[in-house]
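To start, the structure itself, in structure tokens.
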Amino acid sequence: NAGVTQTPKFQVLKTGQSMTLQCAQDMNHNSMYWYRQDPGMGLRLIYYSASEGTTDKGEVPNGYNVSRLNKREFSLRLESAAPSQTSVYFCASSDTTRETQYFGPGTRLLVL
Amino acid sequence: RKEVEQDPGPFNVPEGATVAFNCTYSNSASQSFFWYRQDCRKEPKLLMSVYSSGNEDGRFTAQLNRASQYISLLIRDSKLSDSATYLCVVTHQAGTALIFGKGTTLSVSS
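Chains as they are written, first to last, in the working numbering: chain Y, 1381 to 1492; chain H, 4 to 113.
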């Protein structure tokens, strides 16, 4: 059982480049989330999707877009990367009735 | 003011020690409470949920005081493997985002 998977694990971008972070879960969860984690800031929510076909902004959505492709997959796109987006990005999923969120292993992104 | 505040740490304790972490939350509408554990350069993982009546899981005891909006985690007989960052987490309703504290780092030494 893979749980939550994320690709890529590491990425280096130049300012202005675009990329998509991929996330997939095999637990049949309804809700999926994207967080970023920065030193001294803790984890902060970027976007979430309560169910297939819906997405909502979190605490820090600027500079990002998301797509809930189907129940399994939730992608995060950086259209024009900035150094301020250097961070570790975590995807998570949960069953709305059981609350526990399960996290993927993270993507470490460096924007130069 | 951040919605979830934790002891700044770090906590450096010897093996076998008892250590307690505290956390306060500012939104009285918060419904669910958790402690997550995060190892260095790894993803957060659920340690335990926190219930109003208090709950225990082996060497770990969690307490919730809704009136004071205060959550605690007690670790007894610390092990080297307990070294990690402990994250205090609240949600407003099931299926919505987790709200994280910044975490408290524990280092257990032999």
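Note that the Cβ used here is the ideal one computed from N, Cα and C, for glycine as well.
As assigned by DSSP and simplified to three states, the class of Leu83 (chain H): helix
Which first and last residues belong to the beta strand (DSSP E) in which Met51 (chain H) is found? Pro47 to Ser52
For Asn1442 (chain Y), the nearest candidate out of Y:Leu1458, Y:Tyr1482 and Y:Glu1453 (CA to CA): Y:Leu1458
Could you tell me which of Y:Ser1411, Y:Asp1418 and Y:Val1384 sits nearest to Val1468 (chain Y), measuring between CA atoms? For the residues Y:Ser1411, Y:Asp1418 and Y:Val1384, the minimum Cα distance to Val1468 (chain Y) belongs to Y:Asp1418.
Does DSSP put Ser1464 (chain Y) in a helix, in a strand, or in coil? helix
Nearest-angstrom Cα separation, counted from Pro1463 (chain Y) out to Lys1394 (chain Y): 8 Å
Report buried or exposed for Leu1401 (chain Y), applying the criterion of at least 16 other Cβ atoms within 10 angstroms of its Cβ. buried
Where do the N-terminal and C-terminal ends of the beta strand (DSSP E) with Ala65 (chain H) fall, by residue? Phe63 to Asn68
Looking only at C-alpha atoms, which of H:Ala20, H:Tyr28, H:Pro17 and H:Val16 sits nearest to Gln9 (chain H)? Of the candidates H:Ala20, H:Tyr28, H:Pro17 and H:Val16, the one whose C-alpha sits nearest the C-alpha of Gln9 (chain H) is H:Tyr28.
When the cut-off is 8 Å and only beta carbons count, does Pro1441 (chain Y) lie next to chain H? no
Measuring only from the beta carbon, is Thr1487 (chain Y) closer than 7 Å to any heavy atom that is part of the ligand SAM? Ligands are entirely absent from the displayed structure, and the ligand SAM is therefore not among its contents.
Other residues of its chain near Glu1453 (chain Y): CB distance less than 6 Å, five sequence neighbours each side excluded: Once the five neighbours on either side are set aside, the close Cβ partners of Glu1453 (chain Y) are Ala1404.
Where Arg1448 (chain Y) and Ala20 (chain H) are concerned, what is the direct C-alpha to C-alpha distance, given to the nearest angstrom? 46 Å
Hey, Leu76 (chain H) and Ala23 (chain H) are a contact pair by Cβ (cut 8 Å); roughly how many whole angstroms apart? Right, their Cβ atoms sit about 7 Å apart.
Nearest to Gly104 (chain H) by alpha carbon, out of H:Asn15, H:Ser81 and H:Ile74? H:Ile74
Close-in-space but distant-in-sequence residues of the same chain around Ala1390 (chain Y) (CB under 6 Å, 5 per side omitted): The identity of residue 1390 (chain Y) in the sequence shown is Phe, whereas the question assumes Ala. Answer for Phe1390 (chain Y): Arg1488, listed in chain order.
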